[in-house]
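First comes the structure, then the notes that go with it.
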Amino acid sequence: MHKLLWVLIYTGCLIWSAYHPKDQLTWWLEVLPALLGAILLAVTYRHFTFTRLVYGLALVHCVILMVGGHYTYAEVPLFDTLGDYFGWERNNYDKLGHFAQGFVPAMVVREIVVRNHLIFGGLWQFVFITSFCLAFSAFYELIEWWVAVATGASADAFLGTQGYAWDTQSDMAFALIGAMSALLLLSGIHNQQIEQKRSLYGRTQ
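Using UniProt numbering, the letters of the sequence shown correspond one by one to residues 1 to 205.
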């Protein structure tokens, strides 16, 4: 994806998301990872340019976060409609968010691992990356807990449990499924793009 198009889509979604969000605190809590992620990608762009696939996935993840920040994860209208159609008892947009929380970081970590020759062997790469993504998801759940303790009832929209007793465990499960899905579905095309970068910039990249 061309970087100008990436920036335009990101900026447009950010402006829309920030315009009269459902809950201001929730907006900051949900969108902050997208802001930090964009800054990190910009800072590292010259030193470690990722593949088009990773940048595209990162943008999709940012959009998911911005939509969740605007409406709150429990009140995204499209998923209310889907819930009525499929008979869901809750708005499941948060599950999409946690699936992406595993799916996208898996490809980011995979690119770092493969291009820097950190782990050899497809099986060990798979184990390490999925374990990393599951640990990242668990740490994010701890952050949600700390925020809830610090802010009290005002963090309810951020937690988005909607009364589901197993919300934390299912969030981590969806992140794990997302990470595994990304590795199983996208490793082939990811390898092709990594090889293209190596041919352009040298075997060390």
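Glycine included, each C-beta is placed from N, C-alpha and C at the ideal position.
Remember, it's a predicted structure, so these values are computed and weren't measured experimentally.
With distances taken between CA atoms, Trp166 lies nearest to Arg90 out of Arg90, Pro105, Thr44. Taking the C-beta atoms as reference points, Ala34 is found nearer than 9 Å to Leu65.
Counting C-beta pairs closer than 8 Å gives fewer than three between the segment 46-53 and the segment 10-29, which falls short of the contact rule. A contact is defined here as three or more CB-CB pairs under 8 Å, and the segment 109-124 fails this definition with respect to the segment 143-153. Three or more beta-carbon pairs drawn from the segment 81-101 and the segment 166-176 are found closer than 8 Å, and the two stretches are therefore classed as touching. For Asp80, the uninterrupted alpha helix (DSSP H) run begins and ends at 77-86, by DSSP. Boundaries of the alpha helix (DSSP H) harbouring Thr11: 3-18, taken from the DSSP string. Contact annotation: Arg115 and Arg52 have beta-carbon atoms that are not nearer than 9 Å. Taking a cut-off of 8 Å for Cβ pairs, the segment 20-34 and the segment 62-77 touch, as three or more such pairs fall below it. In this structure, DSSP gives Asp171 a helical state, which the three-state scheme calls helix. If you check the CB distance, Trp6 and Tyr55 come in under 9 Å. Contiguous alpha helix (DSSP H) elements confined to the segment 23-77 occur at 24-44, 52-71, taking only those with 4 or more residues.
Assigned with DSSP and collapsed to three states, Glu111 falls in helix. Taking 9 Å as the cut-off, the beta carbon of Val108 is found closer than this to the beta carbon of Ala58. Its chain contains Phe174 as the residues whose beta carbon lies nearer than 6 Å to that of Lys95, once the 5 sequence neighbours on both sides are disregarded; these appear in chain order.
The C-beta distance from Tyr93 to Phe103 rounds to 15 Å, too long to meet the 8 Å contact threshold.
Restricting attention to Thr81, Val43, Pro77, Leu14, the CA atom closest to the CA of Val60 is found in Leu14.
Counting of Cβ neighbours within 10 angstroms places Ala135 among the exposed residues, the total staying below 16.
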